[in-house]
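**Student:**
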Amino acid sequence: QVQLVESGGGLVQAGGSLRLSCAASGRTRTMYDMGWFRQAPGKERELVARIRWSGGSTNYADPVKGRFTVSRDNAKTTLYLQMNSLKPEDTAVYYCNVRLVGGTGDYWGQGTQVTVSS
C-alpha cells in the first residue's frame, strides 16, 4: 500500500497563489505516476495534472495550463502543485493520487480544500 498525506490548501483571493504538497509513504518504490485531481460541489472529480515518477513527464488539464505546475521530489517522495493566478472556478477539494506499476495499486489522499474568493 501507499499512504498519501496532503497539505497546503486554504483560502486565497483571486489572482493569488497556493502550493499543495502530497507526501507518500509505503510502497513508494513501485510508484508509476502521481497526480492531482479536484472535485467541486456538484461536479465529478477531474484530473488537474499528472507526473510520471520516473522521467518526470507531465500532462495538464486545459483549464490549468500555464497557471499550475506539478513537480515531485524523488528523495522525499513528495508531490507538489504550484497554483498561480487562481480563479474562483478553481475552488474545489484537491486530491492526490498515485498509481503503481503494472496496475497493482491506485491510492488516494484525504483531500485538501482550496477556496478562491472573487
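Residue numbers for the sequence shown follow my numbering, beginning at 4 and rising by one. The C-beta atom is built at its ideal place from N, Cα and C for all residues, glycine as well. Note that this is a predicted model, so its numbers are computed, not measured.
#1: If distances are taken between C-alpha atoms only, which option among Gly105, Gln116, Asn100 and Thr107 comes closest to Ala189?
#2: I'd like the span of the beta strand (DSSP E) that includes Arg55, first residue to last.
#3: Mind checking who Arg70 pairs with in its DSSP beta bridge?
#4: Note down the Cα distance separating Ala64 from Val51, rounded to an integer number of angstroms.
#5: Excluding the five sequence neighbours on either side, which residues of its own chain have a C-beta within less than 8 Å of the C-beta of Arg75, listed in chain order?
#6: Could you name the residues of the same chain whose beta carbon sits closer than 6 Å to that of Thr33, not counting the 5 residues immediately before and after it, in chain order?
#7: Mark Ala78 as exposed unless 16 or more other C-beta atoms lie within 10 angstroms of its C-beta, in which case mark it buried.
#8: Applying the 10 Å Cβ sphere with the 16-neighbour rule, what's the burial state of Thr115?
**Tutor:** Taking the definition as stated:
#1: The requested residue 189 is not part of the displayed model; the chain covers only 4 to 121.
#2: Per DSSP, the continuous beta strand (DSSP E) segment holding Arg55 begins and ends at Glu49 to Arg55.
#3: Its beta-bridge partners do not exist; DSSP assigns none.
#4: 5 Å
#5: Met37, Ile54, Trp56, Gly59, Thr81, Leu82 and Tyr83
#6: Leu103 and Val104
#7: The residue is exposed, with fewer than 16 neighbouring Cβ atoms inside 10 Å.
#8: Thr115 is buried by the Cβ-count criterion.
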